[in-house]
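Asks:
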Amino acid sequence: MKLNPEAKAIYKGIRDEIKSRIQLKESLVYLEKFSPTNNKEEIIGRQKYLKKNLPKIRPELKEFLAKIRPIRFRRDYLHDRLLVVDDSELEKARALEVCDVSSEPLDGYTIILGTIGYGIDVSLSIAEIAPELYILPLWENKDVLKALSNIKALLGEDSVSNEILVHLREIENVMKKRKLLSELDEIVREEEKRLNERIEELLKEFSLTLSGKDLLDFLKKLKEGDYESIFSHFSQVENKILEEMVKSEERLSNLLEIDVEIFSRESLYPVEVPTERIEAMGSELEREIKMEIYLKSREVLRKIRPLIPQLREELKRAYELEFLRAVSEFTQGFTFPELIDGGIGFINGRHLFIRNPQPVSYAVGEVAHLNGLNGERVVILTGANSGGKTSLLELISQIVILAHMGFPVPAEKAWIEPLDELFFFRRKRSSYGAGTFETALRSFARSLVKEDKKLILIDEFEAITEPGAAVKIIGELLKIAHEREFYVVIVSHLGEDLKRELPFARVDGIEAQGLDENLNLIVDRQPKFGVLGKSTPELIVERLAKKKRGKEREIFERVWKAFRG
129 MKLNPEAKAI YKGIRDEIKS RIQLKESLVY LEKFSPTNNK EEIIGRQKYL KKNLPKIRPE
189 LKEFLAKIRP IRFRRDYLHD RLLVVDDSEL EKARALEVCD VSSEPLDGYT IILGTIGYGI
249 DVSLSIAEIA PELYILPLWE NKDVLKALSN IKALLGEDSV SNEILVHLRE IENVMKKRKL
309 LSELDEIVRE EEKRLNERIE ELLKEFSLTL SGKDLLDFLK KLKEGDYESI FSHFSQVENK
369 ILEEMVKSEE RLSNLLEIDV EIFSRESLYP VEVPTERIEA MGSELEREIK MEIYLKSREV
429 LRKIRPLIPQ LREELKRAYE LEFLRAVSEF TQGFTFPELI DGGIGFINGR HLFIRNPQPV
489 SYAVGEVAHL NGLNGERVVI LTGANSGGKT SLLELISQIV ILAHMGFPVP AEKAWIEPLD
549 ELFFFRRKRS SYGAGTFETA LRSFARSLVK EDKKLILIDE FEAITEPGAA VKIIGELLKI
609 AHEREFYVVI VSHLGEDLKR ELPFARVDGI EAQGLDENLN LIVDRQPKFG VLGKSTPELI
669 VERLAKKKRG KEREIFERVW KAFRG
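Sequence positions in the sequence shown follow my numbering and run 129 to 693.
This is the structure:
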């Protein structure tokens, strides 16, 4: 479906409103599939798709869909392992580009794998050589798997995410150790601090058991910081401190699941673990953890690898559901239009971007569902300033565009003929002169050239030229549109003159009905079919006469009296 620039701007506003509701960028691709089309079968297909899927959307889905993100399986090169293969396999093994490959054993690797009976026996596949490239992304995205599981549960469907999560529990313990490894320095320093505090307590407790010369000697050495002398003379406190050291090391051993002997027995206080000793322990722990992660990952991947294609489908479906959720939220209370031949119409349509809009019913062409119409394809919309004429053109555009996207529309009921083109000519409020007039005239003429099915919406063409000339120009343009059976709605204050020129056209009117207690115009924005609308200058003068003070008020009262005779 072809749209002119102003119609495209309305389409962009609709798209932007839907996009603002989509939480996942991966879901935006689905919106691209719903650009306006003139293909009736395509529109019907889109409507069927949305009618089938939108009822599945529940409010609770939003929370879980927000947690979805891509799970990307890495293709990293792992420098911690060596793959030993036969000479005949070297080229194929190196082509995997996953780790170092050799035809003979080499030193300096944490993990040695082989296809020739050396190291851990593997086949030439990434899943066997580097199963972590599959398992670690799944582990890091457990929240995504849980969200997928919850989404499927809300839809009443089974999820492979549940089974994957169950198997991932098998690496839970080693992953906890890996986290501890990243915090090793902090863990050791915390235990070091706790041990020193405990030694201080022991020294204070021990001083309370001493008396006489021993106490004086102990306090003197304590004050001087001569701890070696204290420990050599008072073996009882030394033994207590050694016991606390053993307890600290046992705590670390249990936490890290390796044998820890890290505190020096030569300098008992203050305890201070050298950084290089922590690094050495970390290196030992890292080697054990890497080997355990490899073995556990290989074991788990053998169980879940067949589920990964289904997992990808679940993720894809989640992105689709997020698109559908945004559409459902945007189109709440909308209805699917009926596709017809011969006209465009709707009952109780509501402007998308006006807060609390007055519902309006309108039609152009053969729409038998509204009274007072005779199938007119050309309509002249007249009436009060600020009465909603431009807003009605915008509403017509919104409903037509949404219908051609295959979406529901903001109306109680709607009937739309699939069109090839939509032209919307909005009045440029600050543009006047010969150049502006010529540009507008050329644009209108272009809209009349191709004999496709089209709707042309024009907002006050006469504002850019003289009223007398406007009647002649608009009259001829509308005659051409009528001859080619185009649909046209034109907003004009020249309704009476145009009606004389164009007997085939319908003239509708929006009228102001008076002033409210705040002296604001009361306007019924529902056009009256076949009735010329008045711009109600009398009400505007009345409002000014009541609002102004002093000399200005006298002037407006005099003008108002002239209206009343």
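Cβ atoms here follow ideal geometry from the backbone N, Cα and C, with glycine treated the same way.
(1) What does DSSP give as the partner residues of Ala640 in its beta bridges?
(2) Taking 8 Å as the cut-off, does the stretch 495-506 touch the stretch 435-442 (at least 3 CB pairs, one atom from each stretch)?
(3) What would DSSP say about Glu463, mapped onto helix, strand or coil?
(4) Spell out a yes or no on whether the stretch 225-237 and the stretch 292-309 are touching, meaning 3 or more CB-CB pairs, one atom from each, closer than 8 Å.
(5) Pick helix, strand or coil for Leu211, following the three-state DSSP scheme.
(6) For Leu234, count the other beta carbons within 10 Å of its own beta carbon; 16 or more makes it buried, fewer makes it exposed. Which is it?
(7) Measuring CA to CA, which of Leu452, Glu670, Tyr615, Leu276 is closest to Ala690?
(8) In the structure shown, what three-state DSSP assignment does Ser231 receive?
(9) So, with DSSP's three-state summary, where would you put Ser489?
(10) Just the Cα atoms here: how many angstroms apart are Glu685 and Ser489?
(11) Below 9 Å between beta carbons: does that hold for Val584 and Tyr615?
(12) Please report the distance separating the alpha-carbon of Asn132 from that of Tyr447.
(13) According to the neighbour-count rule (16 or more other Cβ atoms, all chains shown, within 10 Å of its Cβ), is Tyr262 buried or exposed?
(14) Could you have a look at Phe551 and say whether DSSP puts it in helix, strand or coil?
(15) Going by the beta-carbon positions, is the gap between Val401 and Arg317 smaller than 9 Å?
(16) Per DSSP, what are the beta-bridge partners of Trp543 in this structure?
(17) Does Ala690 come out as helix, strand or coil in the three-state DSSP assignment?
(18) With DSSP as the reference, label Thr238 as helix, strand or coil.
(19) Would you mind working out which of Val213, Phe464, Ser310 sits nearest Lys176, comparing C-alpha positions?
(20) Would you check if the distance between the CB atom of Pro164 and the CB atom of Leu550 is smaller than 9 Å?
(21) Just mark Ile650 as buried or exposed, buried being the case when its beta carbon has 16 or more other beta carbons within 10 Å.
(22) Is DSSP giving Asp249 helix, strand or coil here?
(23) Can you find at least 3 beta carbon pairs, one from the stretch 533-553 and one from the stretch 508-520, that sit closer than 8 Å?
(24) Look at the alpha carbon of Ile279 and the alpha carbon of Ile327, and state the distance between them as a whole number of angstroms.
(25) Need the endpoints of the alpha helix (DSSP H) that Asp144 sits in, please.
(26) For Ala640, tell me which candidate among Ile142, Leu443, His207, Gly661 has the shortest Cα-Cα distance.
(27) By Cβ distance, which residues of its chain are closer than 7 Å to Lys195, with the 5 residues on each side in sequence left out?
(28) Roughly how many angstroms separate the alpha carbons of Leu282 and Val157, rounded to a whole number?
(29) With 16 as the cutoff for other CB atoms within 10 Å, does His621 come out buried or exposed?
(30) Give the range of the beta strand (DSSP E) segment to which Asp587 is assigned.
(31) Specify, as a first and last residue, the run of the alpha helix (DSSP H) that Ile432 falls within.
(32) Measuring alpha carbon to alpha carbon, tell me which of Pro538, Arg143, Met533, Ala609 ends up nearest Leu520.
(33) With Asp587 and Phe535 assumed to form a contact (beta carbons below 8 Å), what rounded beta-carbon distance in angstroms separates them?
(34) What residues match up with Arg671 in a beta bridge as DSSP calls it?
(35) Looking at the unbroken beta strand (DSSP E) that takes in Tyr615, where does it start and where does it end?
(36) Identify, in the order they occur along the chain, each residue of the same chain with its Cβ nearer than 6 Å to the Cβ of Glu320, setting aside the five sequence neighbours on each side.
Replies: Inspection of the coordinates gives the following:
(1) To locate residue 640, count along the sequence shown from 1; it is residue 512. Beta-bridge pairing links Ala640 to Val651.
(2) Contact annotation: the stretch 435-442 does not touch the stretch 495-506, with fewer than three C-beta pairs closer than 8 Å.
(3) Here the question's residue 463 lines up with position 335 in the sequence shown. Going by the sequence as given, residue 463 is Thr instead of Glu. Correct three-state label for Thr463: strand.
(4) No: fewer than three Cβ pairs fall under 8 Å.
(5) Locating residue 211 in the sequence shown gives position 83, where the first residue counts as 1. Leu211 sits in a strand when the DSSP states are folded into three classes.
(6) Along the sequence shown, read from residue 1 onward, the residue named residue 234 stands at position 106. Leu234 comes out exposed.
(7) Numbered from 1 along the sequence shown, position 562 holds the residue referred to as residue 690. For the residues Leu452, Glu670, Tyr615, Leu276, the minimum Cα distance to Ala690 belongs to Glu670.
(8) Numbered from its first residue, the sequence shown carries residue 231 at position 103. Assignment of Ser231 by DSSP, reduced to helix, strand and coil, places it in the coil class.
(9) Taking the first residue of the sequence shown as 1, we reach residue 489 at position 361. Ser489 falls in the strand class under three-state DSSP.
(10) On the sequence shown, residue 685 is found 557 positions in, with the first residue counted as 1. On the sequence shown, residue 489 is found 361 positions in, with the first residue counted as 1. Near 37 Å, if we compare the C-alpha coordinates of Ser489 and Glu685.
(11) As a first step, residue 584 must be located in the sequence shown, where it is residue number 456. As a first step, residue 615 must be located in the sequence shown, where it is residue number 487. It is Ile, not Val, that sits at residue 584 in the sequence shown. Contact: yes.
(12) The residue labelled residue 132 in the question sits at position 4 within the sequence shown. The residue labelled residue 447 in the question sits at position 319 within the sequence shown. Taking C-alpha positions only, Asn132 is separated from Tyr447 by approximately 31 Å.
(13) Numbered from its first residue, the sequence shown carries residue 262 at position 134. It counts as buried.
(14) In the sequence shown, counting from the first residue as 1, residue 551 sits at position 423. In the structure shown, Phe551 sits in a strand (DSSP, three-state: E or B).
(15) The residue labelled residue 401 in the question sits at position 273 within the sequence shown. The residue labelled residue 317 in the question sits at position 189 within the sequence shown. Yes; because the gap between Cβ atoms is below 9 Å, this pair is in contact.
(16) Numbered from 1 along the sequence shown, position 415 holds the residue referred to as residue 543. Its beta-bridge partners are Glu466, Gly473.
(17) Walking along the sequence shown from the start, residue 690 turns up at place 562. In the structure shown, Ala690 sits in a helix (DSSP, three-state: H, G or I).
(18) The residue labelled residue 238 in the question sits at position 110 within the sequence shown. Under the three-state reduction of DSSP output, Thr238 falls in the coil class, being neither helix nor strand.
(19) By one-based count along the sequence shown, residue 176 stands at place 48. Nearest C-alpha to Lys176: Phe464.
(20) Taking the sequence shown and counting its residues from 1, one reaches residue 164 at position 36. Taking the sequence shown and counting its residues from 1, one reaches residue 550 at position 422. Cβ distance < 9 Å, so Pro164 and Leu550 count as in contact.
(21) Counting from one through the sequence shown, the residue named residue 650 turns up at place 522. Here Ile650 is exposed: its Cβ has fewer than 16 other Cβ atoms, across all protein chains shown, within 10 Å.
(22) Within the sequence shown, the letter at position 121 stands for residue 249. Residue state, collapsed to three classes: strand.
(23) Contact fails: fewer than three Cβ-Cβ distances are below 8 Å.
(24) The count along the sequence shown starts at 1 and reaches residue 279 at position 151. The count along the sequence shown starts at 1 and reaches residue 327 at position 199. Ile279 and Ile327: Cα-Cα distance of roughly 55 Å.
(25) The residue labelled residue 144 in the question sits at position 16 within the sequence shown. Here the alpha helix (DSSP H) through Asp144 covers 133-147.
(26) Here the question's residue 640 lines up with position 512 in the sequence shown. Taking only the C-alpha atoms, the option nearest Ala640 is Gly661.
(27) Position 67 of the sequence shown, counted from the start, is the residue given in the question as residue 195. Asp271, Val272, Ala275.
(28) Residue 282 sits at position 154 when you count from the first residue of the sequence shown. Residue 157 sits at position 29 when you count from the first residue of the sequence shown. Each residue's Cα considered, the two are about 24 Å apart.
(29) As a working note, residue 621 is residue 493 in the sequence shown. Buried.
(30) Counting from 1 along the sequence shown, the entry for residue 587 is found at position 459. From DSSP, the beta strand (DSSP E) with Asp587 extends over 582-587.
(31) Position 304 of the sequence shown holds residue 432. Secondary structure note for Ile432: its alpha helix (DSSP H) is the uninterrupted segment 403-432.
(32) Taking the sequence shown and counting its residues from 1, one reaches residue 520 at position 392. Out of Pro538, Arg143, Met533, Ala609, Pro538 has the C-alpha closest to the C-alpha of Leu520.
(33) For the purposes of this step, residue 587 is taken as the residue at position 459 of the sequence shown. For the purposes of this step, residue 535 is taken as the residue at position 407 of the sequence shown. Asp587 to Phe535, Cβ: 25 Å. No contact.
(34) The sequence position of residue 671 within the sequence shown is 543, counting from 1. According to DSSP, Arg671 bridges with nothing at all.
(35) Your numbering for residue 615 matches position 487 in the sequence shown. In this chain, the beta strand (DSSP E) harbouring Tyr615 covers 615-619.
(36) Counting from 1 along the sequence shown, the entry for residue 320 is found at position 192. Answer for Glu320: Val399, Val401, listed in chain order.
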